[in-house]
Amino acid sequence: MTALAPPPARSAAPAPAPERGARARLGRLFQHGGWFVAPFLVFYGLFLLWPLVSGLWYSLNETNLAGINTEFIGLGNYREALGDDQLWDSLGNTLKFTAMITPLIVVVAFFLALLAHSIKRGKWFWRLAFFAPFLLPSAVLADLWRWLYEPDFGLINNAIDRRVPWLLEGDWAMFSMVLATLWWTVGFSFLLYLAALQSIPGHLYEAAALDGAGPWRRMRHITVPMVRNITGLIVVLQILASLQVFDQIFLINEGGPNNETRPVVQYIIQQGFTGYRIGYASALSYIVFVLIVAVTLARLWLVRNRSEGNAV
Amino acid sequence: MTHVSLRSLPPPEPSRRGLLRGAAGLGAAAALGSTAACGSAASLADGGNRIQFWNLFSGGDGAHMRALLDRFRTEFPAIQVEDTTLAWGDRYYTKLAMAGAGGRAPDVGVLHLGRLAGFAPGRLLDPIDTGLLAAEGVRRGDFNPALWDRATIGGELYGLPLDIHPSTLFYNRAACEPAGLLGPDGRLARIEGTGQFLDALDAVREVIGRSPLGWNALMPGECWWTFVGLYAQTGGTILTEDGTGIALDDDRAEEVLAFMARLVADEYAIPGQDLVGYFVNGGGFVLFGNWLVVDFANAGIDFGAQPYPTLFGTPATQAEAHILVLPHQEGRGGGANEAAHRLIAWLVRNSLAWAEASHVPAYLPVLDDPAYLAMEPQSEYRGAMDIAAFDPPAWFCGTSSRVQNEVGVHLSAAAMGSLTPGEGVRAIRSTLRDLLDTRDPFGEGTAS
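As given, the protein sequences belong to chains A and B, one line each in that order. Heads up, the first sequence stops at 1035 in our numbering, and the numbers go up one at a time, no gaps. Heads up, the second sequence stops at 435 in our numbering, and the numbers go up one at a time, no gaps.
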């Protein structure tokens, strides 16, 4: 806030007695261009802060979307959630999905970026090919992969001439979701890696080559450390995104078989919209929200510790 | 089927996260605000020649409904009908409920009969004026009494039945004829009992050299429909008549589950198949709702469609019904209300065109119309009306409901073989118990 205080030298009139409190701060803000950010603040408040607060309020009530029969029950929804096996199962599925896809994305994206970076001819083609799936809507992705995974006349099973139960058994189904999602979303991380690779100064490699470092050592001691920050970013973005996974799983398999791929977001939607229990669904959302915030804070903490460690 | 499509993967911009959280309930308030804005305050204000009609027909039946409405407009130019098609499923029901709770609902809506019990008649829905209906030439005697009575709650009619849509056995003539299963009229000969049915499947398998039945045991909703139909054939009901207790006969339920599991275990039906793809590619039979008629006909297949064969003694086939409802409005009445009654009565009387969209008209005079009797394969399953098995009359039942999700999952697990039939029945029981113990969200109460 101090940065916003008017520099004393510029005030022509004798400095008024400093006003205290939020009102004064708000007044100062608007002296200094606050009007320009006002539209943003209005939208931010209306579409983010207000729903956030009202969601918290709903979570303390037994209520439905129609807003009738509402009853304040305090932490009752949260207590119920603690004993709700279906919540923990679906949360477990979400974590399993996250744990499976995050390392895969990092490795595959890095590998693809290296490939596209080092290839000499037709660079544009490889970049486009690796990134293009990311542009598909989830409904298209789901349709595509449902046909690929078809048990009887699907493309994959036909090609390998076996009946692999892609979507029919729990572990296979989760793997299938990860595979489809990997294909769909790896392009984004690929792009980040590609940009990072392009920003590594060429003279580092030259110097290393002059010192006799082979390709493997150059990779290990130059490329990997130079893209470390991007790797950290990709990991955290991927974890955050995977904790909210929903649409492709819902569209391909509705969370089946036997709810073994049902992510927590789907369970929240089922409680809120199929079961009409918006209060309980809000409580579940808040539990997931806290989890996501915790991951973000943990990441911040890790980064800070690491940079402090480097400084020493 | 239309599904919510919220893209959830990178890049995780704040707006996208916000969107997801919104869907998850945190943004419920924003949703409430926006839906209230869709209410029909305007239609109430301008004296009654303008009515809003919300429906959920987005597939092949949607085009037929729009054509019907166009005919209505031509016939009654003084009445202005604004129709809005919303995505089928949870989204539709929550929007309609919110609009009704706010008292600013559309003048006419569509509901599934199975959802009526959970839709707070008298609170979210206004009763239909049977006097006004009679003036338009539509009376109780024109309907199957079971259907009309199910839509009557506390002596008031809350939904005018438009159709029923039964679970159907589709058969491909190209596969069934060489298997010797067709009668001289080219229709599937009568099949009775599980033994005969499996024999027929074996014969078709012989002809087409692959799994003879399209039935998706992986999907909880489809398993629920099949179970409702086949269990009704054992003569029992799942819940008590008032929908407050469990009436399941464990032995019969186990027998039905064992049969469903056998269809998968012996590879009569491969789970996870796309049913249209299966049938178009030369499949033998398909078990699914009648509305696939439109897809199959468009694909140019020579096929027929019958109600479920009687496998467990009593003829029965699972069915749902579309009913026309009057969502709750503050001070409903006047010209708009009369126009709404005229519209719903007219739609029912003219549901011959609706039958073309594959559904079985609920209005009996249309059922006897020679033009309907000539429709193929629609007329072949017209008898489904008399043997229709509906969802139990509880708030958590009906299309896209909790019972489909939660009991359906156990049915699917049993069919897929990950639960034994006995375990499956115990899981159904305990889930039904939980659902019965959960408070009805829209519960007791009178119009606000």
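Ideal Cβ positions, reconstructed from N, Cα and C, are used throughout, including at glycine. This structure is a prediction, so every number in the text was calculated from the model and none was measured.
Can residue i and residue j be called in contact, C-beta distance under 7 Å?
i        : j        : result
L422(B)  : F383(B)  : yes
P986(A)  : N816(A)  : yes
L891(A)  : G287(B)  : no
P165(B)  : V194(B)  : yes
I151(B)  : M362(B)  : no
L156(B)  : Q365(B)  : no
V901(A)  : I796(A)  : no
E785(A)  : G1002(A) : yes
D94(B)   : A327(B)  : yes
I953(A)  : L927(A)  : no
S1005(A) : G790(A)  : no
I38(B)   : A323(B)  : yes
L788(A)  : T425(B)  : no
A376(B)  : H397(B)  : no
R1022(A) : V950(A)  : no
F283(B)  : F290(B)  : yes
Taking the beta strand (DSSP E) that residue i belongs to, which residues open and close that run?
i       : result
N42(B)  : R37 to N42
L156(B) : D150 to N159
A292(B) : F290 to P294
V959(A) : From DSSP, V959(A) is part of no beta strand (DSSP E) but of the alpha helix (DSSP H) over R951 to L966.
V125(B) : Per DSSP, V125(B) belongs to no beta strand (DSSP E) and is neither H nor E.
L226(B) : No beta strand (DSSP E) holds L226(B); DSSP gives it neither H nor E.
Under 7 Å between C-beta atoms, does residue i make it to chain A?
i       : result
R389(B) : yes
S405(B) : yes
A292(B) : no
D424(B) : no
V396(B) : yes
L205(B) : yes
T81(B)  : yes
T418(B) : no
P428(B) : yes
M85(B)  : yes
I66(B)  : no
I415(B) : no
For residue i, which residues in the same chain have their Cβ closer than 8 Å to its Cβ, ignoring the five residues on either side in sequence?
i        : result
V1016(A) : none
I233(B)  : I225, L226, T227, R416, L419, R420 and L423
I828(A)  : L905, T908, V909, S912, I957 and Q961
M897(A)  : N816, K819, F820, M823, E983 and T984
Could you give the first and the last residue of the continuous alpha helix (DSSP H) run that contains residue i?
i       : result
P64(B)  : No alpha helix (DSSP H) contains P64(B), which DSSP labels as neither H nor E.
G276(B) : Looking at the DSSP string, G276(B) is not in any alpha helix (DSSP H); the run it does join, the beta strand (DSSP E), is F272 to G276.
G397(B) : Before going further, note that residue 397(B) is His rather than Gly in the sequence given. Looking at the DSSP string, the run of the alpha helix (DSSP H) that includes H397(B) is R389 to M403.
E803(A) : G799 to L805
L858(A) : Here L858(A) belongs to no alpha helix (DSSP H), and DSSP marks it neither H nor E.
H328(B) : G321 to R336
E343(B) : L339 to E343
H926(A) : G925 to L933
R420(B) : P408 to D424
I842(A) : That residue, I842(A), is in no alpha helix (DSSP H); it is neither H nor E in DSSP.
A745(A) : G744 to Q754
For chain B, is any of its Cβ atoms less than 7 Å away from the one on residue i?
i        : result
N787(A)  : yes
A1021(A) : no
Q989(A)  : no
I791(A)  : yes
Y999(A)  : yes
Leaving aside the five residues before and after residue i along the sequence, list all residues of the same chain whose C-beta is less than 6 Å from its C-beta, in chain order.
i        : result
R192(B)  : P199
G105(B)  : W382
F973(A)  : Q989
L1025(A) : none
E393(B)  : T418
Quick one: what's residue i bridged to in DSSP?
i       : result
Y350(B) : F130(B)
I233(B) : L226(B)
V97(B)  : L311(B)
R91(B)  : Q316(B)
N784(A) : F795(A)
T817(A) : Its beta-bridge partners do not exist; DSSP assigns none.
I140(B) : E143(B)
E179(B) : T297(B)
Check whether the Cβ of residue i lies closer than 6 Å to any heavy atom of the ligand NAD, and answer yes or no.
i        : result
A1017(A) : Summarising the ligand content, the structure contains no ligands, and the ligand NAD is consequently not present.
Near residue i, which residues of its chain fall below 7 Å by C-beta distance, leaving aside the five closest residues on each side in sequence?
i       : result
V125(B) : A332, V335 and R336
S387(B) : G76 and D77
N42(B)  : M52, D70, T72 and V97
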